[in-house]
Amino acid sequence: MRKELLLAASAFVVSVVGSSVAHAQCVLKGTVIDAATNEPLVGVTVALQGTPNKVFTDNDGKFVIKSAKTKCSLQFSSIGFESTTLASNHAGEYDFGFIPMAGASIALKDAVVTTRAVARKTPVALTTLGAVAIEERVGTADLPKVLETTPGVYVMREGGGYGDTKVNMRGFKSENVAVLVNGVSMNDMEWGGVYWSNWAGLTDVASSIQTQRGLGAAKVSTPSVGGSINIVTKTTDARKGGAFSYGMGNDGYNKLAFSLSTGRTADGWALTVMGGKTWGDGYIQGTDFRAWNYFFSLSKELSKNHLLTFTAFGAPQVHNKRSAYDGLTVQGWQEVGKYMRPGEQYRYNATYGYDRYGQIRHSQQNIYHKPQLQLQHLWQIDRTSSLNTVAYLSLGFGGGESGQGTQEYSSGWYGSNNGILATQFRNADGTFAYGKIQEMNAASESGSKMVMSMSKNLHKWVGLVSTYTKEINDRFNLYGGLDLRYYVGTHTNEITDLYDGAYYIDRYRKNVKPENFAGAGTDAFVNKKLSVGDVVQRDYDGFVAQSGVFGQAEYDFNNLTAFVAGSLNNTAQWRKDRFYYDAAHAESEKVNKIGFTVKGGVNYKFPHIDGWGGQHNVFGNIGYISRAPFFSGGIFLASQVSNQVNPDAVNEKIFSGELGYSYHTAAFTADVNVYHTEWKDKTMAKMTEIPVDGNVERTWINMQGVNSIHEGVEVDLSYKPAKWFSLRGMLSVGNWRWTNNPVGYFYNSAGQPIDKFGHPLDQSQGPDHARMRFNQKDVKEGGSAQLTAGLGFNVYPMEGLRIGLDWKYFSNYYADYAVTANDISLDGVKTFHTPWKVPAYGLVDLSAGYTFQMGGYKTTLSGNVENLLDQEYISQAYDGAGHDWSTANRVFYGFGRQMSVKLKVNF
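Each number in this note's numbering corresponds to the 1-based position in the sequence shown with 19 added.
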């Protein structure tokens with residue numbers, strides 16, 4: 020009986036195995052990666068052609084699919100990437116290994132416009148970082164810090180508060196570097212810059228960051244000058260699952276984050292939700308912060324030709340900061356060491372202190388929330404054409420503290436003056452004496468001498484970008500589209516604290532003219548007693564409306580890719596004032612400026628030649644940009660206080676050309692490019708401090724017709740000789756200099772034109788308006804390191820373990836030049852010399868991660884040490900009279916050693 024049972028069981032097993040072999044003669048597997056970043060791609064559709072069978076890649080980019088036939092073809096597809104097909108003729112189990120997918124010319128990831136360029140195909144200089152690289156490098160730093168190993172990029176933390184990061188590219192400052200999230204511009208519509216504190220939460224939701232230096236390939240109607248940074252957020256995941264993480268670091272740093280995804284359902288729905296909270300004390304004294312971030316993405320496949328995605332994200336935050344103007348001299352930083360623990364003098368904050376009740380006080384708090392909503396529609400019209408449209412809404416809520424004072428105390432809130440520590444309100448322990456201000460106000464019979472206000476900046480911004488793509492034939496593609504934007508920013512300044520005074524009289528009310536505001540100039544108007552909630556200094560709306568079209572023709576055949584592109588846009592700008600004008604005079608004239616772009620490029624891949632090895636290609640691009648002046652400092656020279664239009668405002672003109680060479684093998688990549696950019700008729704502002712009636716006040720010089728040249732060479736290298744080791748390196752050498760001698764006009768901190776004594780005037784650029792000529796031709800531009808280099812490696816000594824080290828070097832950093840009180844006159848001339856060259860420095864960052872299974876869940880424990888060797892270095896400085904270290908002012912030192920660890924569990 021036992022023998023019969025054994026025979027029956029054996030027959031059953033044989034029949035099952037035979038059946039399985041008959042129906043699944045091969046098992047195919049592999050790992051799909053992004054060709055540009057070598058990082059795994061999640062949610063790629065892997066379809067067995069000729070059958071309904073398909074699977075999706077997992078969180079590591081891996082897939083397994085079974086085929087009943089040994090001879091079959093697999094098709095790999097993902098929105099935003101070019102489809103790939105692989106043939107197989109293998110029995111049993113076969114591993115394809117790594118399968119790279121190249122980004123599409125217009126990359127749309129789950130219907131998100133990315134304006135992404137394709138490596139070794141698009142003729143521009145670019146660097147792409149994927150989600151893995153971002154997570155490995157960021158630690159406790161702001162998101163832009165991961166770009167420090169990108170050629171031509173210089174990142175600085177300025178005052179050192181949470182999110183107070185500035186990014187320069189090829190020597191161009193932030194207002195001339197386009198920052199896009201999913202292809203939508205984040206640059207301020209009035210002055211062009213970016214407040215990274217509004218986007219600090221993007222660290223958790225970024226799937227990639229691509230920097231395009233120079234002209235770039237972004238298909239929008241208002242291009243940048245220095246380059247663009249395009250952040251692509253994580254899409255609606257195709258796989259069901261989620262993750263939870265907790266991180267901690269020095270100075271009370273804590274971070275919680277989670278993500279959940281339903282995966283794509285059978286009827287085409289998918290939902291992804293992410294959120295997190297970050298809080299800490301801050302590296303700099305008195306810069307505690309609280310920040311949140313959220314991300315929501317809902318997509319629906321309406322049909323095989325229509326995909327609709329709604330995305331919402333934001334990062335509300337509250338953080339205290341150190342003023343960007345409160346840097347000290349080099350000697351001053353050594354002197355404040357007596358107030359701090361040994362080795363911590365560079366953390367000193369000149370405006371950190373206590374009130375007379377023992378409560379911590381600050382005068383540099385920032386509160387902001389800038390949510391963005393995007394609705395994206397992808398329509399595959401037919402086999403050769405598609406239409407991609409994104410409509411977006413951005414809202415802004417919040418502002419920053421802005422201390423106010425009567426004329427005699429107009430500079431009372433300053434932590435320093437021209438690099439010298441302010442002592443008027445200073446305690447013996449070095450803290451700012453907020454209590455003395457309270458005591459002074461309480462004893463005053465004429466109201467508060469100094470009060471705190473909140474400079475509020477609210478905005479509403481709507482826009483639409485729509486791109487039509489047409490494949491004419493297998494060689495020619497056409498692109499065309501619309502870029503529409505409408506923005507209104509409301510700017511007020513409201514009293515938040517009287518500091519124990521009875522009321523406050525705003526010194527700016529005396530500047531309101533009766534011809535502009537009925538009833539102004541009277542004693543009741545000028546000396547009106549104000550309280551908490553009342554408006555001081557400014558109250559206006561800024562309007563910017565842009566409408567543009569863009570187009571591009573692309574040729575791609577065999578080894579040659581070429582494009583020619585153009586754009587045309589109209590920018591309308593106007594303002595409406597409620598402080599200096601009554602309702603009858605509130606609205607300014609509307610100024611329209613036409614801008615345009617013409618650019619083209621060629622990329623050629625050399626045919627394979629025996630003995631050369633690898634793939635060689637060369638590219639070149641050339642372009643011309645005519646860009647409308649900004650609202651602030653361009654169209655309106657005194658944009659905060661006056662409707663007066665700048666009669667001399669003209670478009671900025673930019674000419675740029677670039678040549679590049681690339682060499683690629685399976686293990687080695689080398690990219691080299693040289694660039695030359697000429698910039699003419701630029702508008703620029705400089706801050707200085709001057710004596711006004713016995714007090715020191717901050718003033719601005721608005722310069723027009725500034726010309727410069729930026730040129731240089733960039734090298735980007737990577738080498739992976741073995742699976743367990745990879746090496747990367749970069750070098751960037753620039754030569755950035757001014758090429759003419761422009762004229763600048765002086766304005767006070769409220770934006771009013773002033774005479775040579777610092778007194779406000781009624782009219783800009785009138786006969787009494789203080790001005791000066793800047794003899795700066797051939798002087799080096801300051802504010803960025805003109806030579807940067809980097810070398811790093813990753814080593815994988817065992818399964819799941821990674822150890823990485825990055826060395827970064829910064830040199831040829833010239834101090835930004837400044838203007839002193841001695842320079843202000845009716846018709847002054849200042850001759851500039853080569854600014855102080857800040858000492859070069861090198862930094863070492865260490866990172867490590869270990870991935871393992873914990874309770875059946877993929878778990879990663881990672882850690883980062885930034886500035887491993889605790890190197891002291893100067894990251895920002897302004898030039899002084901002697902053009903040396905002893906006279907340099909507004910100096911900031913970089914951060915010392917910082918450490919963090921994080922545990923992340925995927926489920």
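Ideal Cβ placement from N, Cα and C applies to all residues, glycine included.
Residues of its chain near residue i, where Cβ-Cβ distance is below 7 Å and the 5 sequence neighbours each way are ignored
i	result
residue 22	In this prediction, residue 22 scores a pLDDT of 46, lower than 50, which makes its location untrustworthy; the coordinate-derived value is nonetheless stated afterwards. Around residue 22: no qualifying Cβ.
residue 41	Summary for residue 41: the model assigns pLDDT 39, below 50, so the residue's position carries little reliability, and this model does not support an answer.
residue 324	398 and 399
residue 388	333, 335, 416 and 417
residue 906	899 and 900
residue 808	749, 750 and 828
residue 272	159, 299 and 919
Residue burial classification, residue i (beta-carbon count within 10 angstroms, cutoff 16)
i	result
residue 321	exposed
residue 224	buried
residue 510	buried
residue 402	exposed
residue 379	exposed
residue 733	buried
residue 342	buried
residue 242	buried
residue 795	buried
residue 491	exposed
residue 465	exposed
residue 912	buried
residue 648	buried
residue 29	Model confidence at residue 29 stands at a pLDDT of 42, short of 50, so the residue's coordinates are unreliable; what they give is reported in the following sentence. It counts as exposed.
residue 253	buried
residue 424	buried
residue 369	buried
residue 910	buried
Beta-carbon spacing of residue i, residue j below 7 Å
i	j	result
residue 484	residue 409	yes
residue 275	residue 292	no
residue 108	residue 90	yes
residue 655	residue 600	no
residue 561	residue 597	no
residue 674	residue 643	yes
residue 760	residue 437	no
residue 496	residue 573	yes
residue 645	residue 620	no
residue 170	residue 516	no
residue 381	residue 327	no
residue 187	residue 244	no
residue 518	residue 456	yes
residue 95	residue 258	no
residue 144	residue 692	yes
residue 805	residue 874	no
residue 200	residue 58	no
residue 264	residue 923	yes
residue 811	residue 747	yes
residue 758	residue 819	no
Own chain, CB closer than 6 Å to residue i, minus 5 neighbours either side, in chain order
i	result
residue 881	868 and 921
residue 158	883, 885 and 919
residue 119	52 and 54
residue 302	270 and 914
residue 173	187, 803 and 804
Counterpart residues of residue i in DSSP-defined beta bridges
i	result
residue 496	490 and 573
residue 870	879
residue 310	297 and 336
residue 289	318
Sequence-distant residues of the same chain with beta carbon closer than 8 Å to residue i, five excluded per side
i	result
residue 854	798, 799, 801, 833, 834, 835, 836, 898 and 902
residue 861	826, 827, 828, 829 and 890
Heavy atom of the ligand SAH within 6 Å of residue i beta-carbon
i	result
residue 575	Questions concerning the ligand SAH fall outside what the structure shown contains, since it holds no ligand whatsoever.
Exercise for review: Entirely within the region 657 to 722 and at least 3 residues each: give me those beta strand (DSSP E) ranges in chain order.
Suggested key: 671 to 683 and 687 to 711
Point to revise | Ordered list of beta strand (DSSP E) runs contained in the region 796 to 820, each at least 3 residues | key: 804 to 817
Check your understanding: Quick one: complete beta strand (DSSP E) runs, 3+ long, within the region 39 to 101?
Key -> 45 to 53, 64 to 67, 73 to 75, 81 to 86 and 90 to 96
**Study point:** In chain order, each alpha helix (DSSP H) run of at least 4 residues that lies wholly inside the region 517 to 568
**Key:** 542 to 545
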